[in-house]
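In full-length UniProt numbering, the protein residues as written are 1 to 284.
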């Protein structure tokens, strides 16, 4: 099915398939970031109302991410990657139509992402492959703890997801064996982010806990792990920006703003982010 779609769609794009995929991924990253900040603002003290409700923002972002996954699926050169992302996108859209589709969608998202990771694993070095495995594990445990109903796994899901986010610099380094100016700048930014988050968390623990819970769905994880995740996201985003690798930046944003993938709206951007990160690593 995916191969047939690719054969029909790709000739119509006249060589612009990568541009379409990058545009779709960028739009998905913006939508997920908007949902993240909408949820934070609504739960902030003194909230006076936003023109868009968090529920609507979540629904829209989920639809945009699912559509982006389908767009990447039908334009990707590898049929297996296309099949995996098509599972993610189609079942993501179905989850918006009926709550009964949540469990099948969770299974489809895990299987589809695992397929993408397995295909990409042929082109990854050991460090990047380990980061991909950690992210896929975070996706699986997160959905099991949320959609699967195994609530006892939620602290473990939060910790593994944050460690996965912390591992994202593995995809962004130009060459860790001989650090370039861009890499050093990114490392310094990550260290600064870790210091700030740890200091703020120690000073105002309740505020920090509220932000991590409402924004990223973190439950039962220690402050150093939270700070490490922020440092990893900042490091990867900084390196991607400094080297002008915008699709990579979008992938980092998808995973970081998704947070703990314990629900379909969080799992979809997390899954798409994994696919984007692995694709960028394979092209490096």
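Quick reminder that beta carbons are idealized off the backbone N, C-alpha and C, glycines included.
C-alpha gap between residue i and residue j, whole angstroms
i           : j           : result
residue 207 : residue 233 : 20 Å
residue 160 : residue 75  : 31 Å
residue 243 : residue 253 : 16 Å
residue 128 : residue 271 : 16 Å
residue 262 : residue 137 : 12 Å
residue 91  : residue 267 : 12 Å
residue 65  : residue 191 : 31 Å
residue 167 : residue 225 : 12 Å
residue 277 : residue 202 : 32 Å
residue 24  : residue 197 : 31 Å
residue 115 : residue 133 : 12 Å
residue 186 : residue 239 : 5 Å
residue 195 : residue 245 : 26 Å
residue 101 : residue 248 : 30 Å
residue 43  : residue 184 : 36 Å
residue 97  : residue 62  : 12 Å
residue 105 : residue 227 : 31 Å
residue 163 : residue 22  : 26 Å
residue 149 : residue 94  : 20 Å
residue 103 : residue 121 : 27 Å
residue 131 : residue 125 : 10 Å
residue 204 : residue 19  : 44 Å
residue 123 : residue 36  : 32 Å
residue 264 : residue 141 : 13 Å
residue 99  : residue 280 : 33 Å
residue 68  : residue 189 : 30 Å
residue 30  : residue 57  : 11 Å
Proximal residues to residue i (C-beta, below 7 Å), its chain only, five neighbours per side dropped
i           : result
residue 73  : 2, 82, 85, 86, 89
residue 158 : 218, 219, 220, 221, 260
residue 285 : Only positions 1 to 284 of the chain appear in the structure, and residue 285 is not among them; the question remains open.
residue 145 : 151, 153, 154, 157, 262
residue 236 : 168, 169, 171, 172, 252
residue 256 : 165, 233
residue 119 : 78, 80, 81
residue 147 : 102, 103, 106, 263, 264
Where the alpha helix (DSSP H) containing residue i begins and where it ends
i           : result
residue 242 : 223–242
residue 154 : 154–166
residue 147 : Looking at the DSSP string, residue 147 is not in any alpha helix (DSSP H), and its letter there is neither H nor E.
residue 251 : 246–258
residue 262 : Per DSSP, residue 262 belongs to no alpha helix (DSSP H) and is neither H nor E.
residue 218 : Careful: residue 218 lies outside any alpha helix (DSSP H) and carries neither H nor E.
Cβ-based neighbour list, residue i, same chain, cut-off 8 Å, excluding 5 preceding and 5 following
i           : result
residue 211 : 40
Own chain residues within Cβ distance below 6 Å of residue i, not counting five before or after
i           : result
residue 109 : 88, 267, 271
residue 274 : 113, 135
residue 269 : 32, 65, 254, 258
residue 193 : 230, 231, 234
residue 223 : 201
Contact test: residue i Cβ vs the ligand FAD heavy atom, cutoff 7 Å
i          : result
residue 78 : Looking for the ligand FAD in the displayed structure turns up nothing, as the structure carries no ligands at all.
key: alpha helix (DSSP H) runs wholly inside the region 49–99, at least 4 long, in chain order   = 54–75, 79–97
message = I'd like the ranges of any alpha helix (DSSP H) spanning at least 4 consecutive residues and lying wholly in the region 94–138.
response = 102–120
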